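Just below is one structure, and these are the notes that go with it.
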Amino acid sequence: MSADQLRQAYELIRQGQKEEAVVLLQPILRSDRNNADAWWLMANALTDPAKQVQALNEVLRLRPNDARAEKMLGRVQIDMQSKQNDFSFAVSDDDPFSSTSQSSSFSSASSSQDDPYSTSGSDPFSQSAGEKPKRGTAMPPPVYQQQRSGRNPLVTCLAIIGILTLGCCLFTVFVVPRIAVPVIEQIASQFPDIMETLTYDPNFQGMFATLEAGGELSFGTLTSSGTFDRSDARDRGKIELGRSLTGNVDTFDDDYYTLTVTGRQEVTINVAASTNDLDPRLYVYDASNQLVGENDDIDMGTNNDSRLTLTVSPGIYYVVVSAFGTGGEYTINLSS
């Protein structure tokens with residue numbers, strides 16, 4: 053297992069190719085079930101909520117205080133519970149609208165002989181074949197007989213329209229709020245967490261800035277329109293040319309240093325991992341928080357440390373150290 057495979061899975065997830073990412077992560081986890089970074093990537097690549105819960109539980113088993121995994125696990129469990137509530141309708145044996153209900157008033161077996169609408173009872177208006185009406189017996193008027201023997205098509209159409217209208221009203225009042233409102237509330241509650249997940253990564257920050265400027269996206273390498281939000285990173289203080297500092301970058305929080313340049317010159321920045329699990333990334337932004345340079349690996353596959361050489365003008369710059377996957381200790385130094 054190498055950091056390159058995790059990086060490749062990460063890029064596949066960013067590009068929406070989650071199935072390919074799952075295929076890549078499966079052999080990694082078969083050989084190393086205690087790889088927390090692989091489990092975290094797997095949780096983001098899976099689409100089955102139940103499997104996502106399993107992957108996130110593995111992350112928390114290995115990193116019990118992982119706040120991001122706990123937050124994602126809570127969201128997935130809420131989604132699962134919401135879906136169960138929306139589709140857990142059951143028909144009771146006593147439901148008067150159930151076709152299997154023994155107490156249904158529409159069952160043909162329960163028709164009473166005294167039912168005035170039953171054809172098997174003694175209809176007061178029925179007349180046996182060949183039987184003449186008795187003298188003095190009151191008979192229904194001809195108009196009544198005609199109304200019972202036929203239906204007005206206009207009345208039938210109006211009745212159907214009325215039933216459909218009533219059904220639509222009932223559906224809108226009782227069914228739509230039950231389905232739509234929980235979904236809208238769930239989306240609204242998750243929106244801040246989704247935006248937080250996207251914006252912590254400088255790659256996504258650059259993507260948003262590119263879209264706002266009307267440019268095209270370039271995955272894998274940030275364009276010069278990338279921006280930096282210092283509120284999402286930890287301030288490690290000032291850094292000077294010719295000075296070496298040590299730091300410890302977190303998995304989800306970047307470090308940044310403030311560099312003041314007094315004259316136009318060429319600057320080389322090196323970031324070397326002090327722990328084997330750390331794969332550092334290096335970004336440099338100007339005083340306007342615009343990206344001016346970045347580097348991931350000095351030599352992909354052989355050297356995962358970062359090195360960047362820039363020609364800078366007088367001003368203030370922010371040097372950002374980010375971790376791909378697991379965080380760890382590092383050494384950073386600047387030379388001219």
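Going from the sequence shown to my numbering is simple: count from 1 and add 52.
All C-beta atoms, glycine included, are put in the ideal place defined by N, C-alpha and C.
For clarity, every value in this text was computed on a predicted model and none was experimentally measured.
- Annotation for V111: the continuous alpha helix (DSSP H) segment containing it runs P101 to L114.
- Under the 10 Å beta carbon count, E237 is surrounded by fewer than 16 other beta carbons and is classified as exposed.
- Taking a C-beta distance under 8 Å as the contact criterion, G299 and Y370 do not qualify as a contact pair.
- Partner residues in a beta bridge of D284, as assigned by DSSP, do not exist.
- Excluding the 5 residues flanking it on each side, M124 has same chain C-beta neighbours closer than 7 Å at A95 and L108, in chain order.
- According to the DSSP secondary-structure assignment, E318 is paired through a beta bridge with T363.
- In the three-state scheme derived from DSSP, where H, G and I count as helix and E and B as strand, R295 is classed as coil.
- Three or more beta-carbon pairs separated by less than 8 Å link the region 347 to 359 to the region 327 to 335, which places the two stretches in contact.
- In the structure shown, Q342 falls within a strand segment according to DSSP collapsed to helix, strand and coil.
- For N347, the pairing in a beta bridge is given by DSSP as L334.
- Counting only the Cα atoms, Q317 lies some 19 Å from S296.
- Per DSSP, D56 is not a residue of any beta strand (DSSP E); the alpha helix (DSSP H) it occupies stretches across A55 to R66.
- The beta carbon of T361 lies closer than 6 Å to those of T320 in the same chain, with the five residues before and after it left out.
- DSSP, reduced to helix, strand and coil, places S374 within a strand of the structure shown.
- Judged by DSSP in its simplified three-state form, G126 adopts helix.
- By the CB criterion at 8 Å, K290 and T314 fall outside the cutoff.
- P234 has its alpha-carbon roughly 34 Å from the corresponding atom of A211.
- A324 and I384 have their C-alpha atoms roughly 7 Å apart.
- The count of Cβ pairs closer than 8 Å, one atom from the region 130 to 137 and one from the region 112 to 120, stays below three, leaving the stretches out of contact.
- Under DSSP, K290 takes part in a beta bridge, and its partners are T310.
- Taking 8 Å as the cut-off, the Cβ atoms of L81 and A90 count as close.
- Boundaries of the alpha helix (DSSP H) around S83: K70 to S83.
- In the assembly as shown, F280 is a buried residue. Its beta-carbon has 16 or more other beta-carbons within 10 Å.
- A direct Cα-to-Cα measurement between V372 and V228 gives close to 49 Å.
- For N96, the enclosing alpha helix (DSSP H) begins and ends at A88 to A97.
- Under DSSP, G380 shares a beta bridge with V301.
- Per DSSP, the unbroken alpha helix (DSSP H) holding T208 starts and ends at P205 to L222.
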